[in-house]
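Structure first, then comments.
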Amino acid sequence: MSKHHVSSVINGEPVEFLCEPQQTLLDCLRDELHLTGSKEGCGSGDCGACTVIVDGNIVCSCLMLGVEAEGRTVLTVEGVAEGEKLHPVQQKFLEHAALQCGFCTPGFIVAAKALLDENKNPTEEETRYWLAGNLCRCTGYDKIVRAVLDAAAVMRGENPPSPAT
Amino acid sequence: MPRVSYTAPTSIDDAVKALAASAGVAKALSGGTDLLVQLKSGRVRPEVIVDTKRIPGLIGIREEGDKFVIGAATPGIMISADERLTRAYPGIVEGVDLIGSTQIQGRCSIAGNLCNASPAADSVPPVIAARATAVVVGPNGRREVPVENIVTGPGQTSLQKGEFVVEFRIPKPLPRQSDAYLRFIPRTEMDIAVVGCAVNVVLDAGGTCTEARVVLGAVAPTQVIVEEAAQALIGHKLDDDTLKRLDSAARAACRPISDKRGTIEYRIKVAGVLARRAAAIAFDRAASRA
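These protein sequence lines are chains A and B, in that order. All residue numbers for the first sequence refer to the working numbering, where the first residue is 17 and numbers rise by one. All residue numbers for the second sequence refer to the working numbering, where the first residue is 10 and numbers rise by one.
Structure, rendered in structure tokens:
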């Protein structure tokens, strides 16, 4: 079976790649484009480690075929920072130590960024429901939620105190 | 994943041809949140995947006279964001919104939820309760069928080879009509229904029910329209006696299995409770739409 030629915009850059029809978008990102920030946890849409933004909505890249990305705009964790400048969500993950092993972190960062793109002032409850599709075995989630709420405050121009060290 | 071929036709005719031409199994793809999981596990081994999302009308919500028309591949996030639907049928939006995580909502569709044919599909009971029809196309043309006629058992549908669902047509509600959907799971998010219940009612000016549909999910091989539960509501306000009869009728309609999420006895009991609670919400909403 012949490979498909796919043209997409990934992290702001026009990208072309070849893929087999059964390859997932996650396979294509990691194996064809060498964007290995997105992780494969479960491969069945349960853990959120492969979360990317496609045309403005977060999706599990393990549950989308690479060929479906034709003409779509994709943002992965590699595109969240602006050059050397971390996104507030990334900065607050560091400050709050909102990660331990780090495997779930790219998915959380992308999902949290998407939340703050559409809701500048989410409640803790909204944040927890939004992130319910991202699993973390290390942190117990609390530091992640604090980091996201703090990042929201920074993005609103408020100056939340840094967490106690 | 096993090898497969993929096509993304831009017309219904081309999609039907691609589905019907395959010598082996052909699968229509909308959001893929069930199909890709089944491909990876080997539960389905299609020769061809026909992506329906590039067909005009398959994604989107429109009004046609006295109907809402929801394109079969419309993702959950678009349905939840539609103010017309949220006002008209909050119960449908509640059911759709309960499918999976935020990530899944970006892709999942009513057609996928229906044709995956899980007894626990959350969007299906409220869509049946609203008397929606599914427009099915195939090699023999186009047919419009009540949504409850699509699923025939767990993982089984009445769709023939080459057929797929293109849209759902939902009658716009009457002035004092509304609905509600509740599901019970043992945790607060990210689980499969132990029981789901949709109630759709029409009230008269005095608050008496004149039409009703009560649909249960996850308590039988398919969704169940509980005619006796509707009869318990029609002609009545939602008083204690009516609620009691509704509860009994809902419990009597259950033919559940026991599994890790709940026993037969538990599911039956919860079905009665959810029917009462969903009816209370639907009555309140219908009264406030007056």
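Just so it is clear, CB atoms sit at the ideal spot from N, CA and C, and this is done for glycine as well.
For residue i, which of helix, strand or coil comes out of DSSP?
i: A/Ser23; result: strand
i: A/Tyr145; result: helix
i: A/Thr121; result: helix
i: A/Cys58; result: coil
i: B/Ile68; result: coil
i: B/Asn158; result: helix
i: A/Val75; result: strand
i: B/Asn122; result: helix
i: B/Ile194; result: coil
i: A/Asp158; result: helix
i: A/Leu81; result: strand
i: B/Gly303; result: An answer regarding residue 303 of chain B cannot be provided, because it is not within the stretch 10 to 299 covered by chain B.
i: B/Asp248; result: coil
i: B/Ile179; result: strand
i: B/Ile58; result: strand
i: B/Thr95; result: helix
i: B/Gly290; result: According to the sequence displayed, residue 290 of chain B carries Ile and not Gly. In this structure, B/Ile290 counts as helix in the three-state DSSP scheme.
i: B/Thr111; result: helix
i: B/Ser187; result: strand
i: B/Ile21; result: helix
i: B/Ala221; result: strand
i: B/Leu38; result: strand
i: B/Gln165; result: strand
Report the option in the options whose CA atom is closest to the CA atom of residue i.
i: B/Arg270; options: B/Arg294, B/Ala227 and B/Ile243; result: B/Ala227
i: B/Ala280; options: B/Arg116, B/Asp268, B/Gly244 and B/Ala229; result: B/Ala229
i: B/Ser31; options: B/Asp43, B/Ser20, B/Tyr15 and B/Thr19; result: B/Tyr15
i: B/Pro18; options: B/Ser39, B/Pro265 and B/Gly33; result: B/Ser39
i: A/Val31; options: A/Thr40, A/Gly53 and A/Cys44; result: A/Cys44
i: B/Thr111; options: A/Leu51, A/Asn150, A/Asn137 and A/Val170; result: A/Asn150
i: B/Asp249; options: B/Ala289, B/Ala129, B/Ala81 and B/Asp60; result: B/Ala289
i: B/Pro180; options: B/Pro195, B/Glu198 and B/Ala143; result: B/Ala143
i: A/Ile125; options: A/Cys117, A/His103, A/Gln116 and A/Tyr145; result: A/His103
i: B/Val223; options: B/Ile194, B/Ile201, B/Lys246 and B/Asp188; result: B/Asp188
i: B/Lys76; options: B/Asp22, B/Arg140, B/Asp131 and B/Ile86; result: B/Arg140
i: B/Glu73; options: B/Met87, B/Arg93 and B/Lys62; result: B/Arg93
i: B/Glu274; options: B/Val204, B/Pro155 and B/Gln165; result: B/Val204
i: B/Leu255; options: B/Ile266, B/Val25 and B/Leu225; result: B/Leu225
i: B/Leu45; options: A/Met80, A/Tyr145 and A/Cys117; result: A/Met80
i: B/Ala138; options: B/Arg63, B/Val53, B/Ile159 and B/Val233; result: B/Val233
i: B/Ile58; options: B/Gly66, B/Leu48 and B/Ile201; result: B/Leu48
i: A/Gly61; options: A/Leu34, A/Ser77 and A/Cys152; result: A/Ser77
i: A/Arg88; options: A/Glu98, A/Ala128, A/Val70 and A/Cys117; result: A/Val70
Along chain B, in chain order, which residues have C-beta atoms closer than 9 Å to that of residue i?
i: A/Pro138; result: Neighbours of A/Pro138 on chain B: none; closest Cβ ~12 Å, over 9 Å.
i: A/His20; result: Tyr15
Using a Cβ-Cβ cutoff of less than 7 Å, which residues in the same chain neighbour residue i once the five nearest sequence positions on both sides are dropped?
i: B/Gln240; result: none
i: A/Ala168; result: Leu132, Lys136, Asn137 and Pro138
i: A/Glu142; result: Asn135
i: B/Ala258; result: Val235, Glu237, Ala238 and Ala241
i: A/Leu178; result: One detail in the question is off: residue 178 of chain A reads as Ser in this sequence, not Leu. Here the set comprises Glu111.
i: B/Gly69; result: Gly80 and Thr83
i: B/Gly109; result: Thr42 and Cys117
i: A/Thr155; result: Ala114, Leu115 and Gln116
Which residues in the same chain have their Cβ closer than 8 Å to the Cβ of residue i, if we skip the five residues on either side of it in sequence?
i: B/Leu212; result: Arg185, Gln186, Cys218, Thr219, Phe292, Ala295, Ala296 and Ala299
i: B/Ser89; result: Thr95, Val102, Val105, Asp106 and Gln114
i: B/Arg260; result: Ile277, Lys278, Ala280 and Gly281
i: A/Gly47; result: This sequence places Asp at residue 47 of chain A; Gly is not what is there. If we look at A/Asp47 and ignore the five residues flanking it on each side, its Cβ neighbours are Gln39.
If the cut is a Cβ gap below 9 Å, which residues of chain A does residue i touch?
i: B/Glu198; result: Arg144, Tyr145, Ala148 and Gly149
i: B/Arg12; result: Met17, Glu36, Pro37 and Gln38
i: B/Lys269; result: What B/Lys269 touches in chain A: nothing, since even the nearest Cβ is about 16 Å away.
Can you name the residues of chain A whose CB is closer than 7 Å to the CB of residue i?
i: B/Thr42; result: Gly61 and Leu79
i: B/Leu33; result: A quick correction: the sequence has Gly, not Leu, at residue 33 of chain B. Simply none; closest approach about 13 Å.
Anything in chain A within Cβ reach of residue i, meaning under 8 Å, just list it in chain order.
i: B/Val46; result: Ser60, Gly61 and Leu79
i: B/Ile86; result: Asn73
i: B/Ile58; result: Pro37 and Leu81
i: B/Gly115; result: Val70, Asn73, Ile74 and Val75
i: B/Lys181; result: Those within 8 Å of B/Lys181 in chain A number zero; the least Cβ separation is about 28 Å.
i: B/Lys49; result: Gly59 and Ser60
i: B/Thr83; result: Here the premise fails: no neighbours, minimum Cβ distance about 13 Å.
i: B/Gln240; result: The premise fails here: B/Gln240 is roughly 37 Å from chain A at the closest Cβ pair, so nothing lies under 8 Å.
Once you ignore the five residues that flank residue i on each side, which residues in its own chain have a CB closer than 6 Å to its CB?
i: A/Gln39; result: Gly82
i: B/Cys206; result: Leu191, Leu225, Leu283, Ala284 and Ala287
i: A/Trp146; result: Leu131
i: B/Pro265; result: Val228, Ile273 and Arg276
- Item | Against chain B: residues of the region 65–86 of chain A by CB proximity under 8 Å | Thr67, Val70, Asn73, Ile74, Val75, Cys76, Cys78, Leu79, Met80, Leu81, Val83, Glu84 and Glu86
- Item | Interface positions of the region 95–109 of chain B facing chain A (Cβ-Cβ less than 8 Å), listed along the chain | Gly109
- Using a Cβ-Cβ cut-off of less than 9 Å, give me the residues of the region 110–131 of chain A that come near chain B, in sequence order. Gly123, Ala127, Ala130 and Leu131
- Residues in the region 271–297 of chain B with C-beta within 9 Å of chain A's C-beta atoms, listed in sequence order? none
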